[in-house]
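Undergrad: Residue numbers 1 to 248, in our numbering, belong to the letters of the sequence shown in order.
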Amino acid sequence: MNGNQIKLIMMGLMLLDHLLPLLPPQFNTPVGMITRCVAMFFAFMAVEGFHYTRSRKKYLLRLYSWAAIMFVGNTLINTLIIKNPMYQIQNNIFLTLSFGVTILTLIDFSKRVKKPVLKIGTIILAIILVLAVSLDFIPTEGGLIVIPFMLLSYFFRDNAKKRDISYIILSIPLLLLAIVGLPEYSFETIKESLAANPEFLFITVIPFIHLYNGKKGSNNPFFKYFFYVFYPAHLWIITLVAWYLHQG
C-alpha cells in the first residue's frame with residue numbers, strides 16, 4: 001500500500017479516537033488502545049517526507065505554518081467559545097512533527113558540514129532540542145515518544161529489522177511505567193493500568209509500516225493538503241459539538 005492509502009486508514013482511526021467524547025464510556029479502552037499507532041505512522045511519514053522532499057526548507061515551513069494555524073485556531077476556540085478546560089483543545093501534532101523534522105535537519109547538516117565548530121555546535125543544538133521536546137520543556141503533543149520514534153526511524157531507515165527492534169525497546173520503558181508501583185499486582189489491576197496507560201502500544205504501528213511500499217501515492221494537491229486540513233478541522237468540529245451537547 002502507498003503512503004496516501006495508509007494515511008486514509010490512520011485518519012479513520014484518528015477520527016474514531018477523537019470521537020470518544022461523544023461515544024459511550026465502554027468504547028474508551030478498546031479505541032484508546034487500537035489508535036496508539038496513528039501519531040506514530042504520521043511521524044514515520046514525516047521522516048519519509050524529510051527524505052524524499054525536493055525542498056526541506058519548504059517542507060519545514062509547511063509544517064510550522066500548519067502548527068501556527070492549529071495554534072491560532074485552538075486559541076480562538078478556547079478563548080472565545082469554550083471556557084471549560086475539560087473541552088478545550090490542546091492537540092497540535094504539527095508542532096511535534098515540526099520539531100522532529102527540525103532535529104533531523106540539524107543532524108543531516110552536521111553530517112555534511114566540514115568545519116568542526118559548526119559540526120559540534122549543530123550536534124549540541126540538536127541534542128538540546130531533543131531533550132527540550134522529549135522532556136516537555138517545550139510542551140508538545142506526544143513529544144516524549146514521537147521524537148525518539150522519529151530519530152529511530154531516521155537512523156534505521158535502511159534496516160527494517162533494527163528499526164523494529166528499536167521500536168520494541170522504546171516501548172519497554174512505557175510498559176514498565178504502566179505497571180511499576182501499583183498498590184497491588186493482580187490481573188485486574190495490571191489490566192486496568194495498561195488500559196489507562198496504553199502508550200506502549202505505539203508498536204502496533206509496525207505492521208502498517210511493513211504494509212507501506214515506499215511510494216507516496218497520488219501527487220494530486222488534494223491529497224497533499226487534505227491530510228493537513230483534516231487534522232485541525234475534525235478536531236475543532238468534534239470539540240465544538242461535544243461542548244455544545246454538554247451545554248445543552
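For each residue, glycine too, the CB sits at the ideal point set by N, CA and C.
Have a look at Phe-222 and Tyr-167 and give me their C-alpha separation to the nearest angstrom.
TA: Here residue 222 refers to the residue found at position 222 when the sequence shown is read from its first residue. Here residue 167 refers to the residue found at position 167 when the sequence shown is read from its first residue. Roughly 32 Å separates the two Cα atoms.
Undergrad: Once the 5 residues before and after Leu-201 are set aside, which same chain residues still bring their CB inside 6 Å of it?
TA: For this step, residue 201 is matched to residue 201 along the sequence shown. Closer than 6 Å at Cβ, skipping near neighbours: Met-33 and Arg-36.
Undergrad: For the alpha helix (DSSP H) holding Pro-199, just list the boundary residues, first then last.
TA: Reading the sequence shown from its first residue, position 199 is the one you call residue 199. Inspection of the sequence shows that residue 199 is occupied by Glu rather than by Pro. Segment: none, Glu-199 is in no alpha helix (DSSP H) and carries neither H nor E.
Undergrad: Any chance you could list the alpha helix (DSSP H) runs of at least 4 consecutive residues sitting entirely within the region 210 to 241, in chain order?
TA: Taking only runs of at least 4 residues, no alpha helix (DSSP H) segment lies wholly in the region 210 to 241.
Undergrad: Where does Phe-188 sit, in a helix, a strand or coil, going by DSSP?
TA: On the sequence shown, position 188 is the one that residue 188 refers to. First, the amino acid is wrong: residue 188 is Glu here, not Phe. Glu-188 falls in the helix class under three-state DSSP.
Undergrad: Look up Glu-48 in the DSSP assignment and say whether it is helix, strand or coil.
TA: Counting from one through the sequence shown, the residue named residue 48 turns up at place 48. Of the three classes helix, strand and coil, the one that applies to Glu-48 here is helix, per DSSP.
Undergrad: Please report the residue range of the alpha helix (DSSP H) in which Gln-5 lies.
TA: If you number the sequence shown from 1, residue 5 lands on position 5. 3 to 18 is the extent of the alpha helix (DSSP H) around Gln-5.
Undergrad: How would you call Lys-7, buried or exposed, if buried means at least 16 neighbouring beta carbons within 10 angstroms?
TA: On the sequence shown, position 7 is the one that residue 7 refers to. The residue is buried, with at least 16 neighbouring Cβ atoms inside 10 Å.
Undergrad: What separation, rounded to the nearest whole angstrom, lies between the Cα atoms of Trp-243 and Leu-80?
TA: The count along the sequence shown starts at 1 and reaches residue 243 at position 243. The count along the sequence shown starts at 1 and reaches residue 80 at position 80. Roughly 13 Å between the two C-alpha positions.
Undergrad: Using C-beta distances below 8 Å, list every residue in its chain close to Thr-204, excluding the 5 sequence neighbours before and after it, in chain order.
TA: Here residue 204 is taken as the residue at index 204 of the sequence shown, counted from 1. The residues are Ile-34, Arg-36 and Cys-37.
Undergrad: If you drop the 5 nearest sequence neighbours on each side, which residues of the same chain put their C-beta closer than 8 Å to that of Leu-60?
TA: Working through the sequence shown from its first residue, we reach residue 60 at position 60. Within the same chain, Leu-60 has close Cβ partners Ser-98, Val-101, Thr-102 and Thr-105.
Undergrad: For the putative contact between Phe-42 and Met-10, defined by C-beta atoms under 8 Å, what is the C-beta separation to the nearest angstrom?
TA: As a first step, residue 42 must be located in the sequence shown, where it is residue number 42. As a first step, residue 10 must be located in the sequence shown, where it is residue number 10. Confirmed, Cβ separation roughly 7 Å.
Undergrad: Check whether the region 140 to 152 and the region 83 to 99 are in contact - that is, three or more C-beta pairs closer than 8 Å.
TA: Short answer: they touch.
Undergrad: Is DSSP giving Thr-140 helix, strand or coil here?
TA: Within the sequence shown, the letter at position 140 stands for residue 140. Coil at Thr-140, not helix or strand.
Undergrad: Report buried or exposed for Arg-62, applying the criterion of at least 16 other Cβ atoms within 10 angstroms of its Cβ.
TA: Here residue 62 refers to the residue found at position 62 of the sequence shown. Looking at its Cβ environment, which holds 16 or more other Cβ atoms inside 10 Å, Arg-62 is buried.
Undergrad: So within the region 111 to 176, which uninterrupted alpha helix (DSSP H) runs reach at least 4 residues, ignoring any that extend past its ends?
TA: The qualifying runs are 116 to 134 and 143 to 155.
Undergrad: CB-CB under 6 Å to Trp-66, same chain, minus the five flanking residues each way: which ones, in chain order?
TA: Position 66 of the sequence shown, counted from the first residue, corresponds to residue 66. Phe-94 and Tyr-228.
Undergrad: Would you kindly check if the distance between the Cβ of Met-40 and the Cβ of Phe-156 is under 8 Å?
TA: Taking the sequence shown and counting its residues from 1, the one referred to as residue 156 is at position 156. Taking the sequence shown and counting its residues from 1, the one referred to as residue 40 is at position 40. Going by C-beta atoms, Phe-156 is not nearer than 8 Å to Met-40.
Undergrad: Measure the beta-carbon distance from Ser-110 to Ile-123 and round it to whole angstroms, keeping in mind my assumption that it falls under 8 Å.
TA: Translated into the one-based positions of the sequence shown, residue 110 becomes position 110. Translated into the one-based positions of the sequence shown, residue 123 becomes position 123. Contact flag correct, Cβ pair sits at about 5 Å.
Undergrad: Which of the three DSSP states, helix, strand or coil, is assigned to Lys-57?
TA: Translated into the one-based positions of the sequence shown, residue 57 becomes position 57. Correct three-state label for Lys-57: helix.
Undergrad: For Asp-108 and Leu-176, I'd like the C-alpha separation in whole angstroms.
TA: Position 108 of the sequence shown, counting from 1, holds the residue named residue 108. Position 176 of the sequence shown, counting from 1, holds the residue named residue 176. One C-alpha to the other measures close to 33 Å.
Undergrad: In angstroms with no decimal places, state the Cα-to-Cα distance between Val-72 and Asp-17.
TA: Numbered from its first residue, the sequence shown carries residue 72 at position 72. Numbered from its first residue, the sequence shown carries residue 17 at position 17. Each residue's Cα considered, the two are about 23 Å apart.
Undergrad: Taking just the CA atoms, how far does Ile-147 sit from Ile-127?
TA: Along the sequence shown, one-based indexing puts residue 127 at 127. Along the sequence shown, one-based indexing puts residue 147 at 147. Looking at the two C-alpha atoms, the distance is approximately 11 Å.
Undergrad: Quick one: Cα of Pro-85 to Cα of Arg-112, how far?
TA: Along the sequence shown, one-based indexing puts residue 85 at 85. Along the sequence shown, one-based indexing puts residue 112 at 112. Cα-Cα distance, rounded: 46 Å.
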